[in-house]
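K.L.:
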Amino acid sequence: MYKNKFASKYTTNQFEHSAAELVKQFHAKKSSPEEYLVDLFENIDRLNPELNALTSVQKDYAFAQAKKLTSYSNPSSLPLYGVPIVIKENIQKVGFPLECASKILKGYKGQFNATAIENLEKAGAILIGTANMDEFAMGSANEHSAHGSVKNPHDTSRVSGGSSGGSAVTCAAGFAPITLGSDTGGSVRQPAGYCGIYGLKPTYGRVSRYGLVAFGSSLDQISPFARCVEDLNLVMGVLGKEDSKDATSLKGQYSSYPDQYSLRGKKVGVLRSILSDGVDKNVMQEFLNLESELQKKGVEFIDVEIPSLEYTLSVYYLIACAEASSNLSRFDGIRFGHRAKNTDDLFDLYCKTRAEGFGKEVKRRIMLGTFALSAGFYDAFYGKAQAVRELMTKQFNELFKKVDYIYLPTSPNSAFQFGITAFDPIKEYLFDVFTIPANLVGIPGISVPARVQQGELPVGLQFLAPLGKDAELVAFAAELEKENLIGLTKLI
Ligand code: GLN
639 MYKNKFASKY TTNQFEHSAA ELVKQFHAKK SSPEEYLVDL FENIDRLNPE LNALTSVQKD
699 YAFAQAKKLT SYSNPSSLPL YGVPIVIKEN IQKVGFPLEC ASKILKGYKG QFNATAIENL
759 EKAGAILIGT ANMDEFAMGS ANEHSAHGSV KNPHDTSRVS GGSSGGSAVT CAAGFAPITL
819 GSDTGGSVRQ PAGYCGIYGL KPTYGRVSRY GLVAFGSSLD QISPFARCVE DLNLVMGVLG
879 KEDSKDATSL KGQYSSYPDQ YSLRGKKVGV LRSILSDGVD KNVMQEFLNL ESELQKKGVE
939 FIDVEIPSLE YTLSVYYLIA CAEASSNLSR FDGIRFGHRA KNTDDLFDLY CKTRAEGFGK
999 EVKRRIMLGT FALSAGFYDA FYGKAQAVRE LMTKQFNELF KKVDYIYLPT SPNSAFQFGI
1059 TAFDPIKEYL FDVFTIPANL VGIPGISVPA RVQQGELPVG LQFLAPLGKD AELVAFAAEL
1119 EKENLIGLTK LI
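For reference, each letter of the sequence shown is one residue, going 639 to 1130 in our numbering.
Put into structure tokens, the structure is as follows:
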């Protein structure tokens, strides 16, 4: 049992509505989006200062949008009518902060709307604010942020997970039923697991990246959080569309999950050998519990192997750092945000601006990435990592000929105390070992909350599906939720 300092202040359940319920309520005119926002903002003002999940609350904008919606002639055609949504601070929305939790972008605001934002607003969603994150989405604890750390609402002495910790906590604490993060190596699934909610990383290219500040372009994916599977399905229907502005966007669109879906006869692969060490006892217990419950429902579990997974972390940290070093070269003090003062010449200005503006973790990655890409080393590092990535993709494809899904914990642990990884970046990197493969291979992955005992820390469990099978993956999770085998970890 842990002590929950935050939840005692959480006296109301009026903000636990799902997005789907809210839309119904607003369509039936039982309440209006505007009325809802008044109470919601009061709750946020009361609770956010302690959690530090939101970096801006856009009240004027939200009320103006709510007013606009009320005068809309055909509200029932809008699938997210009046639903408040929060976005990670690395997604462009005109006029909203786009600081990526970095000093180098202090005061910088969105200049255009990301395609994901356009799609949300066209569907009637109301954007109410921006969420805290690890600087430029690098981290697993949300402790690398120029805005300070984000606290886990289940236990405020623990981290939220990262890098989309702010978005996860916003959703878990009831500030918005749906929030957006970005997942490059697990940054949505991992904090979803730590905060007891759902997080889906769609197939690479299923959601447009246009307007997302790039970290590792071949891995990044805008990804949603929600407190129930129905909401994930709802928002994916809105976000999962082809976009001519993103060259890597997938053709077609997310097809809503089928109404008829049976667990019986589904085949699930378990990568048993990589679970042998390093997984905490409570996580392993939940993992095995769900496995045995699913067996009772007729799901067949098969032990499988993907030999190349041994190289997961080395491949990821090479590719992600290499791409980051190139993507972040645009922050030079000339075009965006912070500019150092009293500099001798242009070179000095670049150096001082970047030295002052970037945090420690970002600098570490830029240096690693620049080294890996430098002349003479390219083939030995980046080229090799790409070759292993290709091999991994082949091995996953082979495996998916035999199984429908792959089952793994989301992380080897539950939310940990602040400061544990502060002086040990490698320790932090190790927490991503189960989430990274989906990004390297491009396949969809979902983190679902295990049904932990009341008062226990949340535990995330993860399922992966073949490329493009996002709706099937969501349907599978919906069935588990319906059977009560998984579900939101409530704040007690
Ligand atoms: N924790 C991983 C990293 O630091 C993943 C980050 C992410 O998915 N944005 O790179």
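Glycine is no exception: its CB is placed at the ideal position from the N, C-alpha and C atoms.
With three or more C-beta pairs closer than 8 Å as the rule, is the region 986-996 touching the region 1025-1037?
P.N.:
They do not touch, by the three-pair rule.
K.L.:
Could you tell me the boundaries of the beta strand (DSSP E) in which V788 lies?
P.N.:
Taking the sequence shown and counting its residues from 1, one reaches residue 788 at position 150. Where V788 is concerned, there is no enclosing beta strand (DSSP E), given that its DSSP letter is neither H nor E.
K.L.:
If you draw a straight line from the C-alpha of S802 to the C-alpha of R827, how long is it?
P.N.:
For this step, residue 802 is matched to residue 164 along the sequence shown. For this step, residue 827 is matched to residue 189 along the sequence shown. So the two alpha carbons sit approximately 9 Å from each other.
K.L.:
Could you give the distance in angstroms between the alpha-carbon of L877 and the alpha-carbon of T1127?
P.N.:
To locate residue 877, count along the sequence shown from 1; it is residue 239. To locate residue 1127, count along the sequence shown from 1; it is residue 489. Distance between the alpha carbons of L877 and T1127 is about 26 Å.
K.L.:
Please tell me whether G782 and T693 are closer than 9 Å, where the distance is taken between their beta carbons.
P.N.:
If you number the sequence shown from 1, residue 782 lands on position 144. If you number the sequence shown from 1, residue 693 lands on position 55. It is His, not Gly, that sits at residue 782 in the sequence shown. Cβ atoms of H782 and T693: not closer than 9 Å.
K.L.:
By DSSP's criteria, R796 is part of a beta bridge. Which residues make up the other side?
P.N.:
Walking along the sequence shown from the start, residue 796 turns up at place 158. Its beta-bridge partners are Q1055.
K.L.:
Per DSSP, A864 forms a beta bridge with which residues?
P.N.:
Stepping through the sequence shown from its first residue, residue 864 is reached at position 226. According to DSSP, A864 bridges with I816, Y836.
K.L.:
What's the C-alpha gap between A702 and P671?
P.N.:
As a first step, residue 702 must be located in the sequence shown, where it is residue number 64. As a first step, residue 671 must be located in the sequence shown, where it is residue number 33. C-alpha separation (whole angstroms): 11 Å.
K.L.:
Relative to the alpha-carbon of I1004, which residue among F974, A1018, L966 has its alpha-carbon at the smallest distance?
P.N.:
The residue you call residue 1004 lines up with position 366 of the sequence shown. With distances taken between Cα atoms, I1004 lies closest to L966.
K.L.:
Enumerate, from N- to C-terminal direction, the unbroken alpha helix (DSSP H) stretches of 4 or more residues contained entirely within the region 982-1030.
P.N.:
Taking only runs of at least 4 residues, the alpha helix (DSSP H) segments lying wholly in the region 982-1030 are 984-995, 998-1011.
K.L.:
Under three-state DSSP, which class holds A962?
P.N.:
Translated into the one-based positions of the sequence shown, residue 962 becomes position 324. If DSSP states are grouped into helix, strand and coil, A962 belongs with the helices.
K.L.:
Give me the Cα-Cα distance between V917 and K1065, rounded to the nearest whole angstrom.
P.N.:
Locating residue 917 in the sequence shown gives position 279, counting from the first residue. Locating residue 1065 in the sequence shown gives position 427, counting from the first residue. Near 13 Å, if we compare the C-alpha coordinates of K1065 and V917.
K.L.:
Buried or exposed: where does M639 fall if 16 or more other Cβ atoms within 10 Å of its Cβ makes it buried?
P.N.:
Sequence index remark: in the sequence shown, residue 639 carries index 1 (1-based). Annotation note: pLDDT 34 at M639 (below 50); position unreliable, coordinate value reported separately. Exposed, because fewer than 16 other Cβ atoms sit within 10 Å of the Cβ of M639.
K.L.:
If we require 4 or more residues per run, which alpha helix (DSSP H) segments fall completely within the region 1058-1101?
P.N.:
Fully enclosed alpha helix (DSSP H) runs of 4 or longer: 1063-1068, 1074-1079.
K.L.:
Shorter than 8 Å, the distance from the beta carbon of F985 to the closest heavy atom of ligand 1, or not?
P.N.:
The sequence position of residue 985 within the sequence shown is 347, counting from 1. False, no ligand heavy atom lies under 8 Å from that Cβ.
K.L.:
Please tell me whether, using a cut-off of 8 Å, the distance from the CB of G823 to the nearest non-hydrogen atom of ligand 1 is below it.
P.N.:
Start at 1 with the first residue of the sequence shown, and residue 823 comes out as number 185. The answer is yes for G823.
K.L.:
Can you have a look at N728 and say buried or exposed, based on whether 16 or more other CB atoms are within 10 angstroms of its CB?
P.N.:
Here the question's residue 728 lines up with position 90 in the sequence shown. Looking at its Cβ environment, which holds 16 or more other Cβ atoms inside 10 Å, N728 is buried.
K.L.:
Could you pull the DSSP bridge partners for D941 from this structure?
P.N.:
Within the sequence shown, residue 941 is the residue found at index 303, counting from 1. The partner list for D941 (beta bridge, DSSP) reads V908.
K.L.:
Considering just the uninterrupted stretch of the alpha helix (DSSP H) at I755, what are its terminal residues?
P.N.:
By one-based count along the sequence shown, residue 755 stands at place 117. 753-760 is the span of the alpha helix (DSSP H), which, as asked, contains I755.
K.L.:
Can you grab the Cα-Cα spacing for the pair D1017 / A1025, in whole Å?
P.N.:
Your numbering for residue 1017 matches position 379 in the sequence shown. Your numbering for residue 1025 matches position 387 in the sequence shown. Cα to Cα, D1017 sits roughly 10 Å from A1025.
K.L.:
Considering K706, what are the terminal residues of the alpha helix (DSSP H) in which it resides?
P.N.:
Within the sequence shown, numbered from 1, the residue matching residue 706 stands at position 68. 697-708 is the extent of the alpha helix (DSSP H) around K706.
K.L.:
Please report the straight-line C-alpha distance between L1099 and Q1091, rounded to a whole angstrom.
P.N.:
As a first step, residue 1099 is located in the sequence shown; it is residue number 461 there, counting from the start. As a first step, residue 1091 is located in the sequence shown; it is residue number 453 there, counting from the start. Near 15 Å, if we compare the C-alpha coordinates of Q1091 and L1099.
K.L.:
Verify the contact flag: Q828, CB atom, against every heavy atom of ligand 1, threshold strictly below 8 Å.
P.N.:
For this step, residue 828 is matched to residue 190 along the sequence shown. Yes; taking the cut-off as 8 Å, the Cβ of Q828 has a heavy atom of ligand 1 nearer than that.
K.L.:
Strictly by DSSP, which residues pair up with I729?
P.N.:
Counted from its first residue, the sequence shown places residue 729 at position 91. Answer by DSSP bridge pairing, in chain order: L850.
K.L.:
Out of L1011, D983, A962, which one is the CA nearest neighbour of F1134?
P.N.:
No statement about residue 1134 is possible, as the shown extent of the chain runs from 639 to 1130 and does not include it.
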